[in-house]
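Engineer: Dropping the structure in here first, questions after.
Protein chains: 4
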Amino acid sequence: MKIIMDERGKKYLIAKPQDFHSDLGIIKEEQIANASFGDTLITHLNKEFKVIKPNINDFIDLMDRRCSILIQKDIGTVIAKTGIGNSSKILDAGTGAGAIALNFGNIVGPEGHVYSYEIREDFAKIAKSNIESFGLNNIITVKNKDIKKGIDENNLDLVFLDLIKPYEIFEEVYDSLATGGYLAIYAPYIDQVETSYKIAKKLGFKDLAIVETLEREMEVRQQGTRPKTRMVGHSGYLLFGRKL
Amino acid sequence: MKIIMDERGKKYLIAKPQDFHSDLGIIKEEQIANASFGDTLITHLNKEFKVIKPNINDFIDLMDRRCSILIQKDIGTVIAKTGIGNSSKILDAGTGAGAIALNFGNIVGPEGHVYSYEIREDFAKIAKSNIESFGLNNIITVKNKDIKKGIDENNLDLVFLDLIKPYEIFEEVYDSLATGGYLAIYAPYIDQVETSYKIAKKLGFKDLAIVETLEREMEVRQQGTRPKTRMVGHSGYLLFGRKL
Amino acid sequence: MKIIMDERGKKYLIAKPQDFHSDLGIIKEEQIANASFGDTLITHLNKEFKVIKPNINDFIDLMDRRCSILIQKDIGTVIAKTGIGNSSKILDAGTGAGAIALNFGNIVGPEGHVYSYEIREDFAKIAKSNIESFGLNNIITVKNKDIKKGIDENNLDLVFLDLIKPYEIFEEVYDSLATGGYLAIYAPYIDQVETSYKIAKKLGFKDLAIVETLEREMEVRQQGTRPKTRMVGHSGYLLFGRKL
Amino acid sequence: MKIIMDERGKKYLIAKPQDFHSDLGIIKEEQIANASFGDTLITHLNKEFKVIKPNINDFIDLMDRRCSILIQKDIGTVIAKTGIGNSSKILDAGTGAGAIALNFGNIVGPEGHVYSYEIREDFAKIAKSNIESFGLNNIITVKNKDIKKGIDENNLDLVFLDLIKPYEIFEEVYDSLATGGYLAIYAPYIDQVETSYKIAKKLGFKDLAIVETLEREMEVRQQGTRPKTRMVGHSGYLLFGRKL
Chain R
1 MKIIMDERGK
11 KYLIAKPQDF
21 HSDLGIIKEE
31 QIANASFGDT
41 LITHLNKEFK
51 VIKPNINDFI
61 DLMDRRCSIL
71 IQKDIGTVIA
81 KTGIGNSSKI
91 LDAGTGAGAI
101 ALNFGNIVGP
111 EGHVYSYEIR
121 EDFAKIAKSN
131 IESFGLNNII
141 TVKNKDIKKG
151 IDENNLDLVF
161 LDLIKPYEIF
171 EEVYDSLATG
181 GYLAIYAPYI
191 DQVETSYKIA
201 KKLGFKDLAI
211 VETLEREMEV
221 RQQGTRPKTR
231 MVGHSGYLLF
241 GRKL
Chain E
1 MKIIMDERGK
11 KYLIAKPQDF
21 HSDLGIIKEE
31 QIANASFGDT
41 LITHLNKEFK
51 VIKPNINDFI
61 DLMDRRCSIL
71 IQKDIGTVIA
81 KTGIGNSSKI
91 LDAGTGAGAI
101 ALNFGNIVGP
111 EGHVYSYEIR
121 EDFAKIAKSN
131 IESFGLNNII
141 TVKNKDIKKG
151 IDENNLDLVF
161 LDLIKPYEIF
171 EEVYDSLATG
181 GYLAIYAPYI
191 DQVETSYKIA
201 KKLGFKDLAI
211 VETLEREMEV
221 RQQGTRPKTR
231 MVGHSGYLLF
241 GRKL
Chain A
1 MKIIMDERGK
11 KYLIAKPQDF
21 HSDLGIIKEE
31 QIANASFGDT
41 LITHLNKEFK
51 VIKPNINDFI
61 DLMDRRCSIL
71 IQKDIGTVIA
81 KTGIGNSSKI
91 LDAGTGAGAI
101 ALNFGNIVGP
111 EGHVYSYEIR
121 EDFAKIAKSN
131 IESFGLNNII
141 TVKNKDIKKG
151 IDENNLDLVF
161 LDLIKPYEIF
171 EEVYDSLATG
181 GYLAIYAPYI
191 DQVETSYKIA
201 KKLGFKDLAI
211 VETLEREMEV
221 RQQGTRPKTR
231 MVGHSGYLLF
241 GRKL
Chain L
1 MKIIMDERGK
11 KYLIAKPQDF
21 HSDLGIIKEE
31 QIANASFGDT
41 LITHLNKEFK
51 VIKPNINDFI
61 DLMDRRCSIL
71 IQKDIGTVIA
81 KTGIGNSSKI
91 LDAGTGAGAI
101 ALNFGNIVGP
111 EGHVYSYEIR
121 EDFAKIAKSN
131 IESFGLNNII
141 TVKNKDIKKG
151 IDENNLDLVF
161 LDLIKPYEIF
171 EEVYDSLATG
181 GYLAIYAPYI
191 DQVETSYKIA
201 KKLGFKDLAI
211 VETLEREMEV
221 RQQGTRPKTR
231 MVGHSGYLLF
241 GRKL
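Protein chains in written order, with the numbering used here: chain R, 1 to 244; chain E, 1 to 244; chain A, 1 to 244; chain L, 1 to 244.
Following this line, the structure appears as structure tokens:
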């Protein structure tokens with residue numbers, strides 16, 4: 001898979017070699033097949049496209065995504081707080097278009113695995129297709145299954161839940177985790193994390209923490225430097241608990 | 001390597017099997033050698049210790065660290081924004097006690113690599129020892145070298161700099177990156193990121209952004225739920241740029 | 001002066017009694033003249049308008065304002081930090097449409113006074129007209145004058161500056177303040193407050209502080225309670241210094 | 001009333017002329033009685049004290065306060081959002097040591113009035129004494145009374161509540177407000193503002209908003225400029241509603 005970028009910075013995902021058509025002209029299948037990352041391709045209208053090695057973010061930006069996606073800052077916090085990495089075993093629910101599973105799959109590598117539960121068949125289908133396009137189908141298993149019906153895996157390093165009532169399955173989550181493993185939930189409403197906190201505490205999860213991350217950009221202009229006027233005020237809360 | 005945790009939640013790093021002595025009693029070398037993650041070990045004073053699979057954060061908390069360490073929220077932001085993962089090739093400078101390199105090494109896996117430059121010999125030594133203890137010495141190469149003297153690697157996916165004047169080597173960084181690769185710097189002072197921004201822009205880095213992350217915890221108490229009174233107001237700014 | 005509000009919540013400023021025309025019908029001059037706060041007025045189309053005692057914010061929302069206006073949160077911080085109140089003597093520059101002067105005038109009362117310097121004649125004119133409409137012309141004196149040419153007043157409790165290079169007149173500001181009086185500046189760019197801080201320090205101002213205020217709203221919905229997705233990321237920095 | 005400040009910046013409140021004793025020496029009653037704001041007084045040990053006109057914040061910092069005090073940033077937000085000023089009529093409960101009442105009294109002036117309800121006799125006594133010391137006893141009336149027993153005033157511009165269950169008296173508050181008047185509550189816990197919001201909405205309050213204010217300081221050092229490491233993460237939420 002490649003990404004090609006035109007002179008305006010617009011990016012296109014090229015899943016497999018085939019003729020590429022755009023308002024800046026045509027690039028032949030052959031050109032694309034032979035291109036290496038960093039190369040420049042010329043259209044029949046003499047316009048330049050740069051060939052880029054797609055990273056996970058490029059891919060998620062361009063993939064088919066019909067449902068909302070956890071924002072980067074929250075994914076970063078989950079990765080950093082839970083210490084997941086190469087060879088980790090992770091479960092996530094619900095899959096949605098697969099963005100979270102892709103982020104995890106990108107990190108755990110071939111020695112790890114991601115199990116992703118999605119109750120809706122249409123979402124599971126989109127997610128599978130996206131995951132295959134990015135080449136992580138050996139690492140991520142999408143299950144079109146209601147996680148409330150039970151968790152098949154055990155000895156997990158992380159269970160990540162983006163569900164309306166995540167606390168309904170905390171008992172099963174606890175059993176499925178390795179000692180030292182993490183529960184992480186993402187929830188936009190305070191009532192969700194409040195209830196989750198109380199139930200997780202009762203079930204024996206340790207190191208419980210509810211965290212909210214705010215991200216602000218700075219802009220460097222001719223007149224001076226200042227934080228940007230607009231920022232995201234809230235995406236969701238993250239709750240972490242650990243089986244110890 | 002194992003971590004054992006006593007009944008108070010205090011954790012100890014066990015680099016290799018040997019008799020373990022604490023105020024709660026002794027655990028024999030043999031017990032430790034035979035223990036699996038999740039087991040409970042009993043001291044001669046009949047106190048329990050839980051055996052935990054150490055993740056990268058447990059290890060960094062307990063390892064030898066004589067210099068300040070980038071906080072988790074910033075590491076998370078770097079990982080999330082740059083999309084690094086399995087098989088990424090990363091350079092970081094300066095190494096310090098190795099915390100950042102360990103975080104990156106934990107993610108890139110055996111197919112990736114981390115090159116970590118540290119000018120001070122004492123720090124480089126500590127870092128090497130820490131990295132070996134965590135078992136990532138095949139993945140992370142610590143170089144006791146001034147990065148201003150030149151970058152040996154190329155085709156890198158990420159160059160991460162935690163230096164006083166990072167912008168002095170942006171030209172070399174640009175050359176060392178793969179197309180699509182990222183420059184990321186961490187700097188506590190606004191003047192540092194301002195200058196870095198201007199120089200990175202002049203050198204042709206794209207998608208430039210300066211980001212600051214604030215993290216706030218919520219507490220769930222008997223009386224109600226509320227954000228914690230105390231929070232970290234600032235650690236540092238992160239600047240990102242991309243070679244496209 | 002009165003404010004009348006229709007059934008949709010839309011507000012209208014009534015500077016003096018005269019027939020009022022709107023899409024919801026006509027209210028006669030006589031009705032308006034005789035109305036007390038809290039009364040309901042009926043249009044010839046049988047629509048209701050509520051008569052409201054205008055506070056300073058209602059007025060500023062509805063008055064003629066052709067230039068940008070300091071946002072409420074920053075005005076609140078200035079009032080709270082400097083402890084101004086009844087009988088305070090305040091200077092502000094530049095006036096703009098008069099919003100800041102009106103806020104100060106609303107607080108100092110007839111025993112206090114606000115002197116407001118504005119270099120542009122058109123702004124000074126608008127400001128004067130606004131101030132007269134709100135009935136504070138005995139309390140606020142607008143001067144169409146470049147403050148760099150000198151400050152006429154002394155023994156001031158607060159000098160508030162919203163200028164591009166406020167530090168150019170800090171020496172005159174110092175002389176014009178009472179012992180215990182405050183300098184306060186509002187500036188969007190960090191370079192402005194940085195330079196201001198250094199110069200104010202050199203000139204002997206005490207209790208120097210640069211403050212930034214973030215305001216976030218919470219929303220209470222059917223599904224739960226959460227911070228609003230959108231918030232203002234930055235308006236400006238406030239610098240405070242005191243003559244002691 | 002005067003404030004005198006020694007060479008180290010330490011401030012002392014002088015309620016009435018009498019000999020002043022400190023580790024830097026004695027100042028005679030006579031010296032104090034004759035001093036004007038801005039004067040310098042010399043102790044018998046030849047140390048200098050500066051005479052300062054106390055503003056409301058100086059006074060509150062130095063007065064007797066045995067209970068916690070709303071922080072400045074929140075007071076500023078209340079003043080700014082409700083547009084109170086000269087001649088406003090305000091009710092606040094509970095009084096505590098009188099800090100909020102003093103802030104309001106400082107603003108409304110002799111044409112306005114503040115009614116402050118405090119259920120505890122000891123607090124009411126302290127508050128009265130503080131208010132008299134600052135000379136606002138003609139403007140602020142402290143009532144040692146449980147506000148749940150009823151509100152005596154009407155036509156109020158603002159009712160400010162710092163109570164555990166403020167919503168218990170929202171109906172009485174509504175009746176006591178002028179058309180256009182504001183309800184404002186301060187509450188540290190989210191459950192308090194959530195319940196308050198729902199009840200206020202049911203009772204017909206308009207322009208409902210829950211606001212949280214974060215304040216961060218910047219520091220200008222030799223090495224550069226940056227936000228301070230430590231900040232207050234939370235004081236309380238403010239809820240505003242208006243009778244329209």
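Quick reminder that beta carbons are idealized off the backbone N, C-alpha and C, glycines included. Keep in mind the model is a prediction, meaning the values are calculated, not measured.
1) Judging by CA-CA distance, which residue of E/S133, E/K125, E/I84 is the nearest neighbour of E/V114?
2) Using 10 angstroms around the beta-carbon of R/G9, count the other beta-carbons present and answer buried if the total reaches 16, otherwise exposed.
3) With which residues is L/D92 paired in a DSSP beta bridge?
4) Helix, strand or coil for A/L45 per DSSP?
5) At the 7 Å Cβ level, is E/I190 part of the contact set with chain L, yes or no?
6) At a Cβ cut of 7 Å, what residues of the segment 206-235 of chain R count as close to chain A, listed as they run along the chain?
7) In three-state terms, what does DSSP make of R/T229?
8) From R/S116 to R/Y174, what distance separates their C-alpha atoms?
9) Could you give the residue range of the alpha helix (DSSP H) that holds L/V102?
10) What's the C-alpha gap between L/I75 and L/D92?
11) Counting only C-beta atoms, is E/Y197 closer than 7 Å to chain R at any point?
12) On a CA-only basis, which of A/T95, A/I79, A/F134 is nearest L/F104? Give me that one, please.
13) If you drop the 5 nearest sequence neighbours on each side, which residues of the same chain put their C-beta closer than 6 Å to that of A/F59?
14) Which class does L/D152 belong to by DSSP, given the choice of helix, strand or coil?
15) Taking beta-carbon pairs under 9 Å, can you tell me which members of the segment 21-53 of chain A lie near chain L?
16) Do R/R242 and R/Y182 have their CB atoms nearer than 7 Å?
17) Excluding sequence positions up to five away, which residues of its chain have a Cβ less than 8 Å from the Cβ of R/T179?
18) Within the same chain, show all residues whose beta-carbon is closer than 8 Å to that of L/N57, passing over the 5 residues directly before and after it, in chain order.
19) Name the DSSP beta bridge partners of L/E211, please?
20) Counting only beta-carbon atoms, is E/E194 nearer than 7 Å to chain R?
21) In this structure, how does DSSP classify L/I26 when only helix, strand and coil are distinguished?
22) Rank R/R221, R/E118, R/S196 by C-alpha distance to the C-alpha of R/V211 and give the top, closest one.
23) Taking Cβ-Cβ distances shorter than 9 Å, what residues in chain A pair up with L/T77?
24) With burial defined as no fewer than 16 other Cβ atoms inside 10 Å of the residue's Cβ, what is the status of R/Q222: buried or exposed?
25) Is the beta carbon of L/E111 closer than 7 Å to that of L/N252?
26) Less than 7 Å between the C-beta atoms of R/L239 and R/V193, yes or no?
27) Within 10 Å of its beta-carbon, does R/R216 have 16 or more other beta-carbons around it, so buried, or fewer, so exposed?
28) Which same chain residues, not among the five before or five after R/R226, have their C-beta less than 8 Å away from its C-beta?
29) Is the Cβ of A/T141 closer than 7 Å to any Cβ of chain L?
30) Would you verify that the beta carbon of E/N57 is, or is not, closer than 7 Å to some beta carbon of chain R?
31) Quick check on E/M1: buried or exposed, where buried means 16 or more other Cβ atoms within 10 Å of its Cβ?
32) According to DSSP, simplified to helix, strand and coil, what is L/I84?
33) Quick check: the Cα distance between E/E48 and E/L41, rounded to an integer number of angstroms?
34) With distances taken Cα to Cα, identify the nearest neighbour of L/N312 among L/S87, L/L24, L/L203, L/I107.
35) Less than 7 Å between the beta carbons of E/A124 and E/V142, yes or no?
36) Please tell me whether L/I140 and L/I131 are closer than 7 Å, where the distance is taken between their beta carbons.
Structural biologist: If we stick to the structure as given:
1) E/I84
2) exposed
3) L/S116, L/F160
4) coil
5) yes
6) R216, Q223, G224, T225, R226, P227, K228, T229, R230, M231, V232, G233, H234
7) coil
8) 17 Å
9) The sequence shown places Leu at residue 102 of chain L, rather than the Val named in the question. Residues 99-108.
10) 12 Å
11) yes
12) A/I79
13) F134
14) coil
15) F37, G38, D39, K50, V51, I52, K53
16) yes
17) K243, L244
18) Q72
19) As written in the sequence, residue 211 of chain L is Val, which differs from the Glu given in the question. DSSP output for L/V211 lists A/E217, L/L238 as bridge partner(s).
20) yes
21) strand
22) R/S196
23) Q72, K73, G76, T77, A80, T213, E215
24) exposed
25) Residue 252 of chain L is absent from the structure shown; chain L starts at 1 and stops at 244.
26) yes
27) buried
28) M218, E219
29) no
30) yes
31) exposed
32) coil
33) 6 Å
34) Within the shown structure, residues of chain L are numbered from 1 to 244, placing residue 312 of chain L beyond reach of any answer.
35) yes
36) yes
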